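A.B. asks:
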Amino acid sequence: MNYYYSILFKKVSTLCFCIIIIAISYNSFYYNFLGNPGIYFYKKDIKSISYGNYYNNDAKYHNNTNIYNVDNDDPYENTNIDGEGFVYNFKDLNISKNQIVFFKYIGRIDTSKIDLNPIIKCKGLDEKFYYIVRKPVHKNQKIEMEIRSDYKLDFEPPIKKLSTKNVPRVLVSMEPQPNRACEFDKECFEFFNFKVSFESESDVRMGFDTQSSSAFGSYNRLSIQQITDIQNQFRKEYQTQKLNNKLEYHQKLSFPLANWFCSSCNPHSNRNEYVQELMKYIAIDSFGKCLNNMPTSDYLKRGSGDPFERKKQFITRYRFTIVFENSICKDYVSEKVLDALVSGSVPIFMAHPSTLKYLPYKSFIFVGDFESVEELANYLKYLDQNQEEYNKYHAWRTNQTAIEQWKGVNNYPNKPGFRFHQVQCPLLRHYQRWKIDAIPLKKLKYVPLKEVCLPSDYFKIKKL
């Protein structure tokens, strides 16, 4: 009998152990492959930072079918819809008064005096079209919403007693966080109800580039082979210039692996010092005002065409493009990293770690992965000498899963571009949601700048 119970106990124990292993394996599989849409994105452990909760976003109003939408962007509110846009024959239209919505704009977003066409047609929550006007079009027209831009250089502080009563007040923050005047002044910020910005916690959110020049539509204009051919041709041109003694001083010792375009030389980060140190180890062609060592290329001087497009074509020849943001703040990404991705030059990226999920998997080199500038420089040299390893930073271009995830995490093509007129229709629908009591008229919650931005010396230049 004891022998029988002993055998039974062993079988039950083995069965329980197997069940536990299966459960652990399933949870791991679900998290990594099903439940975690970020598996193709950057997963390196970083210093934990707490930001608090800016806003009380109510998920029940979201109908999100995009499994990669990790920021929980509203797929209906934060989008532009067919039929929306500027209206050029407003007076000829038969529009009732209740279709006209008067938004008062204050600061640099107030273009009513210079705009030839300050009226925007938008689809409302009820599927009817409404018309946003920036100045009254009929007598005694009431202000529906007060919208103010937040920029240090020209911010107009609100005077509470003069502010329109009983209407939502919106703060528009298109600049990186340190360049804002109101947001990090507690009394000022909490005077507003809603926020428009690129940040994930915004009530209405805009993208990082414009829809007309979106990287999501042009990332594949060059094949990996074409990128390789252009870069090899540049190396041949370098050798010819070397033979003819036409190189710049810093290029004489080694081929320039990277380029840098920067003319804002007083950033809220240590990017200038970082690049200056990197120049000790590799040749870098610097075309901007900061650490300049290159004359402006004749190609970039041409007066015709789009200068931004010419720049993207120009930097393709370089293995790497230095993209160091001027502020190391949550969710802040400029268009420069997208330009590098489109051009085919691998970005060397300095930004807040929260931004890494917005880029395709293994499409960039993050300075936070290296303990010193010298370590980064050695890795760049290694990649330059190993084409197969270098090409791995272009593999995402033909990886459909990585591309779909990149688009999904950026809520493409739903999210408005980085132009204020593109967020006005989403802002109208946000206003309408408040009107029907779908969202509360809350007070923005102040969070100190130090909890949103990293210290300027966060990325170490020399190993500790």
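Okay, so the sequence shown: first residue is 1 according to UniProt numbering, each after it adds one.
Note that CB positions come from ideal geometry on N, CA and C, so glycine has one too.
Because the structure is a prediction, the values reported are computed rather than measured.
(1) Would you check if the stretch 392-404 and the stretch 151-161 touch, i.e. whether three or more CB-CB distances between them fall below 8 Å?
(2) Could you please give the first and the last residue of the uninterrupted alpha helix (DSSP H) stretch that includes Asp285?
(3) Would you say the stretch 337-346 touches the stretch 214-233, given that touching needs at least three Cβ pairs under 8 Å?
(4) According to DSSP, is Thr228 helix, strand or coil?
(5) Using 7 Å as the threshold, is the C-beta distance between Pro118 and Arg134 below it?
(6) To the nearest angstrom, how far is the alpha carbon of Val137 from that of Ile143?
(7) Could you check where the alpha helix (DSSP H) with Asn435 kicks off and where it finishes?
(8) Using 8 Å as the threshold, is the stretch 254-266 in touch with the stretch 284-296, meaning 3 or more CB pairs across them?
(9) Just how far apart, CA to CA, sit Ser48 and Leu356?
(10) May I have the straight-line CA-CA distance separating Arg317 from Phe255, to the nearest angstrom?
(11) Please state whether DSSP places Ile439 in a helix, a strand or coil.
(12) Does DSSP classify His268 as helix, strand or coil?
(13) Identify the residues that DSSP records as bridge partners of Pro347: which are they?
(14) Answer yes or no: do Cys122 and Cys425 have a C-beta to C-beta separation smaller than 7 Å?
(15) Starting from Glu146, follow its DSSP beta bridges and name the residues at the other end.
(16) Taking just the CA atoms, how far does Tyr281 sit from Thr321?
(17) According to DSSP, simplified to helix, strand and coil, what is Lys252?
(18) Cys453 bridges to which residues according to DSSP?
(19) Kindly indicate the opening and closing residues of the alpha helix (DSSP H) around Ile403.
(20) Looking at the structure shown, is Arg109 part of a helix, part of a strand, or coil, going by DSSP?
(21) Give a yes or no on whether the C-beta atoms belonging to Glu146 and Val167 are separated by under 7 Å.
(22) Do the stretch 308-317 and the stretch 339-349 make contact, defined as three or more Cβ pairs closer than 8 Å?
(23) Near Ser28, which residues of its chain fall below 6 Å by C-beta distance, leaving aside the five closest residues on each side in sequence?
(24) Can you give me the C-alpha to C-alpha distance between Asp306 and Arg221, rounded to a whole angstrom?
(25) Can you tell me whether Ile461 is helix, strand or coil according to DSSP?
(26) Could you check what DSSP says for Asn56 in three-state terms: helix, strand or coil?
(27) Grab the span of the beta strand (DSSP E) containing Phe129 for me, first residue to last.
(28) Beta-carbon within less than 6 Å of Tyr412's beta-carbon, same chain only, minus the 5 sequence neighbours each way: which residues are those?
(29) Tell me which residue opens and which closes the alpha helix (DSSP H) that Phe194 is part of.
(30) Under a Cβ-count criterion, where at least 16 other Cβ atoms within 10 Å of its own Cβ denotes burial, should Val452 be classed as buried or exposed?
(31) Got a sec? Which residues, its chain only, sit under 6 Å from Tyr42 by beta carbon, not counting five neighbours each side?
(32) Can you round the beta-carbon distance between Asn399 and Tyr358 to whole angstroms, since I take them to be within the 8 Å contact cut?
(33) If the criterion is Cβ atoms closer than 7 Å, does the pair Leu257 and Asp384 meet it?
(34) With a threshold of 6 Å on Cβ separation, who are the neighbours of Lys407 within its own chain once the five nearest residues in sequence on each side are excluded?
(35) Report the rounded CA-to-CA distance for Lys91 versus Tyr131, giving the unit in angstroms.
C.D. replies: In terms of the structure at hand:
(1) Using a Cβ-Cβ distance cut-off of 8 Å, the stretch 151-161 and the stretch 392-404 are not in contact, since fewer than three pairs of beta carbons, one from each stretch, lie closer than that value.
(2) According to the DSSP assignment, Asp285 belongs to no alpha helix (DSSP H) but to the beta strand (DSSP E) extending over 283-286.
(3) Flag = yes, the stretch 337-346 and the stretch 214-233 touch.
(4) helix
(5) yes
(6) 11 Å
(7) According to the sequence as given, residue 435 is Lys; it is not Asn. Counting along the chain, the alpha helix (DSSP H) containing Lys435 begins and ends at 424-435.
(8) yes
(9) Residue confidence is low: Ser48 scores 32 on pLDDT, short of 50, so the model does not pin down where it sits. Its coordinate-derived value is still stated next. Approximately 15 Å, taken between the alpha carbons.
(10) 12 Å
(11) Of the three classes helix, strand and coil, the one that applies to Ile439 here is coil, per DSSP.
(12) strand
(13) Thr321
(14) yes
(15) Lys104, Arg169
(16) 16 Å
(17) coil
(18) Note: Cys453 sits in a beta bridge opposite Cys329.
(19) 400-409
(20) Note that residue 109 is Ile in the sequence shown, not Arg. In the structure shown, Ile109 sits in coil (DSSP, three-state: anything other than H, G, I, E or B).
(21) The answer is yes: Cβ separation under 7 Å.
(22) yes
(23) Bear in mind that a pLDDT of 41 at Ser28, under 50, signals an unreliable position, so the model cannot answer this.
(24) Going from the Cα of Asp306 to the Cα of Arg221 covers about 17 Å.
(25) coil
(26) Here the model assigns Asn56 a pLDDT of 29, short of 50, so the residue's position is not dependable and the matter cannot be decided.
(27) Run containing Phe129: 129-133, per the beta strand (DSSP E) assignment.
(28) Phe216
(29) Per DSSP, Phe194 belongs to no alpha helix (DSSP H); it is in the beta strand (DSSP E), 194-197.
(30) buried
(31) Because the pLDDT of Tyr42 is 39, which lies under 50, any placement of that residue in the model is unreliable, and the question is left without a value.
(32) Rounded, the Cβ-Cβ distance is 17 Å, inconsistent with contact.
(33) yes
(34) Hits under 6 Å: Phe216.
(35) 12 Å
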